[in-house]
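Undergrad: UniProt numbering puts the first residue of the sequence shown at 1, with every later residue one more than the last. Every residue gets a Cβ at the ideal spot worked out from N, C-alpha and C, and that includes glycine. All values reported here derive from a predicted model rather than from experimental measurement.
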Amino acid sequence: PSETLRPNPTELKVWVKIEERVVRREESTSTMDIEDLKQVVFKGQNDRDLYEVYYRNQRLGPGGQVPSDTTSGQPIVFKKIAEPPPTASGGKFLL
Numbered sequence: 001p002s003e004t005l006r007p008n009p010t011e012l013k014v015w016v017k018i019e020e021r022v023v024r025r026e027e028s029t030s031t032m033d034i035e036d037l038k039q040v041v042f043k044g045q046n047d048r049d050l051y052e053v054y055y056r057n058q059r060l061g062p063g064g065q066v067p068s069d070t071t072s073g074q075p076i077v078f079k080k081i082a083e084p085p086p087t088a089s090g091g092k093f094l095l
């Protein structure tokens, strides 16, 4: 019987930076998408949904592939999503 061979994911080390913090390296694989990388970077913290991901000033969507050509000078950048401006009612929501 023939077995279906799955390609082995290639191990990658990518450079990431969260806003004003120090640049650091994270391990990833060639099969990871941006949402997977967010889980690695934020290690299960709930605030990962508060960040958008950019590489070379281009926004990367959650299903996009993790770039493999990052450097310490050109990392994947996690930018906090700007909070919406307060509404005319003083920013309070009525339920």
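1) Rounded to a whole number of angstroms, what is the C-alpha to C-alpha distance between glutamate 83 and glutamine 74?
2) Among all the DSSP beta bridges, which residues are the ones paired with serine 28?
3) How should threonine 10 be labelled, buried or exposed, when 16 other C-beta atoms within 10 angstroms of its C-beta is the threshold for buried?
4) Sort Lys79, Asn57 and Arg59 by Cα distance to aspartate 47 and report the nearest one.
5) Give the straight-line distance between the Cα atoms of aspartate 49 and aspartate 69, rounded to the nearest whole angstrom.
6) Closest by CA to valine 41, which one among Val16, Leu12 and Thr71?
7) Using 10 angstroms around the beta-carbon of valine 22, count the other beta-carbons present and answer buried if the total reaches 16, otherwise exposed.
8) Could you tell me which residues DSSP puts in a beta bridge with valine 53?
9) For chain C, check one thing: does any of its Cβ atoms lie closer than 8 angstroms to the Cβ of valine 23?
TA: The answer reads as follows:
1) Taking the Cα positions, glutamate 83 is about 26 angstroms away from glutamine 74.
2) Per DSSP, the beta-bridge partners of serine 28 are Leu12.
3) Exposed.
4) Among Lys79, Asn57 and Arg59, the Cα nearest to that of aspartate 47 belongs to Lys79.
5) In a straight line, the C-alpha of aspartate 49 is about 24 angstroms away from that of aspartate 69.
6) Measuring from the Cα of valine 41, the nearest candidate turns out to be Val16.
7) By the 10 Å Cβ count, valine 22 comes out exposed.
8) Answer by DSSP bridge pairing, in chain order: Leu60 and Phe78.
9) Judged by its chain identifiers, the structure shown contains no chain C, having just a single protein chain.
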